[in-house]
Amino acid sequence: MPARRFSAILKNTLMYVGLIIFLLPFLLVILNSFKTTQHFIENPIAWPKNFSFSNYIDAFQKMNFMQGFINSLVITVFGVLLIILFSAMTGYLFVRFKWKVNKVLFFMMLAAMTVPFQVIMIPLVMLYGNLGLLDSKTVLIFMYMGFGIPLGVFMFHGFIKGISYELEESSFIDGCTRPRTFFQIVLPLLKPIIVTLAVLDVLWIWNDYLLPSLVLLSPGNRTLPLSTYAFFSTYTVDYGPLMAALVMTIIPVLILYIILQDHVIKGITEGAIK
Amino acid sequence: MKNNKKLNNVGIFLFFGGPSLFAFAVVFLIPFIVGLYLTFTNWHIINNDWSFVGFSNYVDVFRDKTFLTQLEFTIWYVIFTVLISNFLAFFIALVLTSGVKGERWLRAGYFTPNLIGGIVLGYLWQTLFSRVLPFLGQQYGWTLFETSWLTSTDKAFWALVIATSWQLAGYLMIIYIAGFTGVPKDVLEAASIDGANKSTILRKIILRLSIPAIVVCIFLSLSRSFLTYDLNLSLTKGGPFGSTELATYHIVQKAFLSNQYAIGQAEAIILFVIVAVVALTQSYLLKKLEVEV
Numbered sequence: 008m009p010a011r012r013f014s015a016i017l018k019n020t021l022m023y024v025g026l027i028i029f030l031l032p033f034l035l036v037i038l039n040s041f042k043t044t045q046h047f048i049e050n051p052i053a054w055p056k057n058f059s060f061s062n063y064i065d066a067f068q069k070m071n072f073m074q075g076f077i078n079s080l081v082i083t084v085f086g087v088l089l090i091i092l093f094s095a096m097t098g099y100l101f102v103r104f105k106w107k108v109n110k111v112l113f114f115m116m117l118a119a120m121t122v123p124f125q126v127i128m129i130p131l132v133m134l135y136g137n138l139g140l141l142d143s144k145t146v147l148i149f150m151y152m153g154f155g156i157p158l159g160v161f162m163f164h165g166f167i168k169g170i171s172y173e174l175e176e177s178s179f180i181d182g183c184t185r186p187r188t189f190f191q192i193v194l195p196l197l198k199p200i201i202v203t204l205a206v207l208d209v210l211w212i213w214n215d216y217l218l219p220s221l222v223l224l225s226p227g228n229r230t231l232p233l234s235t236y237a238f239f240s241t242y243t244v245d246y247g248p249l250m251a252a253l254v255m256t257i258i259p260v261l262i263l264y265i266i267l268q269d270h271v272i273k274g275i276t277e278g279a280i281k
Numbered sequence: 009m010k011n012n013k014k015l016n017n018v019g020i021f022l023f024f025g026g027p028s029l030f031a032f033a034v035v036f037l038i039p040f041i042v043g044l045y046l047t048f049t050n051w052h053i054i055n056n057d058w059s060f061v062g063f064s065n066y067v068d069v070f071r072d073k074t075f076l077t078q079l080e081f082t083i084w085y086v087i088f089t090v091l092i093s094n095f096l097a098f099f100i101a102l103v104l105t106s107g108v109k110g111e112r113w114l115r116a117g118y119f120t121p122n123l124i125g126g127i128v129l130g131y132l133w134q135t136l137f138s139r140v141l142p143f144l145g146q147q148y149g150w151t152l153f154e155t156s157w158l159t160s161t162d163k164a165f166w167a168l169v170i171a172t173s174w175q176l177a178g179y180l181m182i183i184y185i186a187g188f189t190g191v192p193k194d195v196l197e198a199a200s201i202d203g204a205n206k207s208t209i210l211r212k213i214i215l216r217l218s219i220p221a222i223v224v225c226i227f228l229s230l231s232r233s234f235l236t237y238d239l240n241l242s243l244t245k246g247g248p249f250g251s252t253e254l255a256t257y258h259i260v261q262k263a264f265l266s267n268q269y270a271i272g273q274a275e276a277i278i279l280f281v282i283v284a285v286v287a288l289t290q291s292y293l294l295k296k297l298e299v300e301v
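Order-wise, the sequence lines are chains A and B.
The first sequence begins at 8 in my numbering and counts up by one.
The second sequence begins at 9 in my numbering and counts up by one.
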């Protein structure tokens, strides 16, 4: 079957050439991050004369990379942990206790998922501004928790529904309390959905710009997207360091992605189907 | 005894639900209600006056020529982004599920643009459009690229569409792949034994059976592109001459730069209603085409 083999080769080539074209923007930025601004402007597609890291050192200092990185890390880690812990607990509550109030609250959370952040941002900034609660990482983490809870509860709700109750019952007979049963028996069973939710929430919080730009006002609190923005608006024509800054912001997520590749893909699939 | 049980239940409710319900109420629910009320007042940051003005903010929004032009601009941007990203994603997913070597790596590769946020995405494409493409255009005489797309009012539109579709396509591809894997193999085999050709199989079977995935993908791409902000800010900054301001960008400017909070909020609610109506209509219409296996 030569025709069939030919079409298979064609398909493979098409996909790999397509991928290279698709990733070309990344490759060009990486290549140019090693050039001087002068060289970049003269020829943005040429191979770098010598791989110099001076742009990286320059950008690292000027955009205060370390501070932005640590701020982003703290906000993402705590935000994601809080969302997972509390939405798992609430999802459990809604599945195991069919009280009227729970049904109403669950419905409200489902409805909330359809409301975009843009509808909340103005009153949010107004209210928290009046209370003097802006410009605080703790408040921002708390906001992420509030916005992330509905999707979390929804996903845990769907998963816990499929877990049989017998295991928990036997643990009650052994004299375990409700909270202890939850933490020792139910929570470990939720691992697959925890990973899915963590992937979705890490990508969201790490890359988010709009909410932190409204909440975090002082430069010391800037997350990575905020420092990237500040850096670009200040040094608009200094292309060398700008390219290096882009590469540096992409690297942390890229490393995580290479390690967790399959989980990320699975998380996206499950998040979309749910 | 009964009282004790009730007290116990309240305890369980507060322990398991308390923290998340508190956060949900304080971060989402209260601002949502205050936001709705805000649109019926003339609240201003200077005088802090909350007098009730009825629907006048909404009337103002529809009288505002700039907002209407920007809404129209946003709608064109959404139409092209949704079409291009979905076609690309559908096509890549189709080829990737038909037995290609290294499918796992290809899938991961096409997904990579989704790791970066809108700000970085915008700057990445900004350098391409303002430096790399004009260089190539001048070097090789490609007139299309000779000047930066970002300085031309029509071409900046396409820059936005291309950058968004580039990222979205990889995301939607993942969902389409999941949809295609759900198409039963025996149905496909039966069809090809019955002599159906490739395009018939694609149109009559694959397309029909992956309608749930199509609904999700169009829904996602619609709501994402309608609400684009970061990319708009970093790629074009609304320029040249305010010609590429998408709706969310306009709302942020209105509220936080010109301090017109009430009108900005009314615009946000109108945008939300448009997204909801469009998204629900498309899923209703497409679902009518759905078939059961």
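Just so you know, even glycine gets a beta-carbon here, dropped at the ideal spot from N, CA and C.
Any idea if Gln78 of chain B is buried or exposed, counting beta-carbon neighbours within 10 angstroms, 16 or more meaning buried?
Gln78 of chain B counts as buried, since at least 16 other C-beta atoms from the protein chains shown sit within 10 angstroms of its C-beta.
Beta-carbon neighbours of Ile6 of chain B, restricted to chain A and to distances below 8 Å
Because chain B in this structure spans residues 9 to 301, residue 6 of chain B falls outside the shown range and cannot be described.
Are the CB atoms of Gly274 of chain A and Leu207 of chain A within a distance shorter than 8 Å?
In this structure, the beta-carbon distance from Leu207 of chain A to Gly274 of chain A falls below 8 Å.
Could you tell me the alpha carbon to alpha carbon distance between Ala279 of chain A and Gly149 of chain B, rounded to whole angstroms?
Their Cα atoms are separated by approximately 44 Å.
May I have the straight-line CA-CA distance separating Phe113 of chain A from Thr20 of chain A, to the nearest angstrom?
Between Phe113 of chain A and Thr20 of chain A, the C-alpha separation is close to 49 Å.
Proximal residues, the region 131–154 of chain A versus chain B, C-beta separation under 8 Å:
The region 131–154 of chain A vs chain B, Cβ under 8 Å: Leu131, Val132, Met133, Leu134, Phe149, Met150, Met152, Gly153, Phe154.
For Tyr179 of chain B, collect the residues of the same chain with a Cβ closer than 6 Å to its Cβ; drop the 5 residues on either side in sequence, then sort them by chain order.
Hits under 6 Å: Asn122.
Starting from Ala205 of chain A, trace the alpha helix (DSSP H) in both directions and tell me its first and last residue.
Per DSSP, the continuous alpha helix (DSSP H) segment holding Ala205 of chain A begins and ends at 198–214.
On the three-state DSSP scale, how would you describe Phe249 of chain B?
In the structure shown, the three-state DSSP call for Phe249 of chain B is coil.
Could you pull the DSSP bridge partners for Thr49 of chain B from this structure?
According to DSSP, which records beta bridges pairwise, Thr49 of chain B is partnered with B:Phe60.
Out of A:Glu175, A:Phe149, A:Ile52, A:Leu141, state which residue places its alpha-carbon closest to the alpha-carbon of Phe4 of chain A.
The first residue shown for chain A is 8 and the last is 281, placing residue 4 of chain A beyond what the model contains.
Helix or strand or just coil, what does DSSP make of Ile183 of chain A?
In the sequence under discussion, the amino acid at residue 183 of chain A is Cys, which differs from the Ile named in the question. DSSP places Cys183 of chain A in coil when its eight states are reduced to three.
Mind checking whether Gly246 of chain B and Pro232 of chain A have CB atoms under 8 Å apart?
No, the Cβ-Cβ distance between Gly246 of chain B and Pro232 of chain A is not below 8 Å.
Three or more C-beta pairs below 8 Å linking the region 273–290 of chain B and the region 254–264 of chain B:
With three or more CB-CB distances shorter than 8 Å, the region 273–290 of chain B counts as touching the region 254–264 of chain B.
Pick from A:Leu147, A:Gly227, A:Ile272 that is closest to Met70 of chain A, judged by C-alpha positions:
Checking every option, the nearest Cα to that of Met70 of chain A belongs to A:Gly227.
Does the structure place the region 233–253 of chain A close enough to the region 38–54 of chain B that three or more beta carbon pairs sit under 8 Å?
No contact exists between the region 38–54 of chain B and the region 233–253 of chain A.
What residue from A:Leu204, A:Tyr99, A:Ile90, A:Tyr135 has the CA that sits closest to Glu175 of chain A's CA?
Ranking A:Leu204, A:Tyr99, A:Ile90, A:Tyr135 by Cα distance to Glu175 of chain A puts A:Tyr99 first.
How long is the line joining the alpha carbons of Thr294 of chain B and Phe33 of chain A, rounded to whole angstroms?
Before going on, a small fix: residue 294 of chain B reads as Leu here, not Thr. Their Cα atoms are separated by approximately 36 Å.
Give the single residue among A:Pro259, A:Thr188, A:Thr276, A:Thr256 whose Cα lies nearest to the Cα of Met96 of chain A.
Comparing Cα positions, the closest option is A:Thr188.
Is the shortest distance between the beta-carbon of Pro219 of chain A and the beta-carbons of chain B less than 8 Å?
No, no contact with chain B.
Which residues in chain A have a C-beta closer than 7 Å to the C-beta of Pro39 of chain B? List them in chain order.
Per Cβ cutoff of 7 Å: Ile127, Pro130, Leu131, Leu134.
Which of the three DSSP states is assigned to Val108 of chain B in this structure?
Under the three-state reduction of DSSP output, Val108 of chain B falls in the coil class, being neither helix nor strand.
For the region 57–126 of chain A, which segments carrying the alpha helix (DSSP H) assignment without a break, of at least 4 residues, lie completely within its bounds, in sequence order?
Entirely contained in the region 57–126 of chain A, the alpha helix (DSSP H) runs reaching 4 residues are, in chain order, 61–69, 72–103, 107–119.
Which residues of chain B have a Cβ atom closer than 9 Å to the Cβ of Pro123 of chain A, listed in chain order?
Per Cβ cutoff of 9 Å: Ser231, Phe234, Leu235, Thr256, Ala276, Leu279, Phe280, Val283.
Which runs of the beta strand (DSSP E) at least 3 residues long sit entirely within the region 89–165 of chain B? Give them in chain order.
Scanning the region 89–165 of chain B from its first residue to its last, no whole beta strand (DSSP E) run of 3-plus residues comes out.
Counting beta carbon pairs with one atom in the region 144–158 of chain B and one in the region 28–35 of chain B, are three or more of them shorter than 8 Å?
As far as the Cβ criterion goes, the region 28–35 of chain B does not touch the region 144–158 of chain B, which means the pair count is below three.
Find the residues of chain A that neighbour Phe23 of chain B, judging by a C-beta separation of less than 7 Å, and give them in chain order.
The answer, in chain order, is Pro186.
Do three or more CB pairs link the region 152–160 of chain A to the region 116–129 of chain A at distances below 8 Å?
Result yes; three or more Cβ-Cβ pairs closer than 8 Å.
Neighbouring residues, chain A, relative to Ser106 of chain B (Cβ below 8 Å)
Here the neighbours are Lys18.
As assigned by DSSP and simplified to three states, the class of Thr43 of chain A
It is coil, neither helix nor strand.
Which residues, in chain order, does the region 48–62 of chain A contribute to contact with chain B at a C-beta distance below 8 Å?
Taking a C-beta cut-off of 8 Å against chain B, the contacting residues of the region 48–62 of chain A are Ile48, Asn50, Pro51, Ile52, listed in chain order.
Chain B contact residues for Thr256 of chain A, given Cβ-Cβ distances below 8 Å:
Chain-order list of chain B residues neighbouring Thr256 of chain A: Ile124, Val128, by C-beta distance under 8 Å.
Run down chain B in chain order and give the residues with a C-beta less than 8 Å from the C-beta of Met250 of chain A.
Those are Thr135, listed as they occur along chain B.
For Arg216 of chain B and Leu136 of chain B, the rounded distance between their alpha carbons:
Rounded to the nearest angstrom, the two C-alpha atoms are 39 Å apart.
Are any of the Cβ atoms in chain B nearer than 8 Å to that of Leu26 of chain A?
Residue-level contact check: Leu26 of chain A touches chain B, since one or more beta carbons of chain B fall below 8 Å from its beta carbon.
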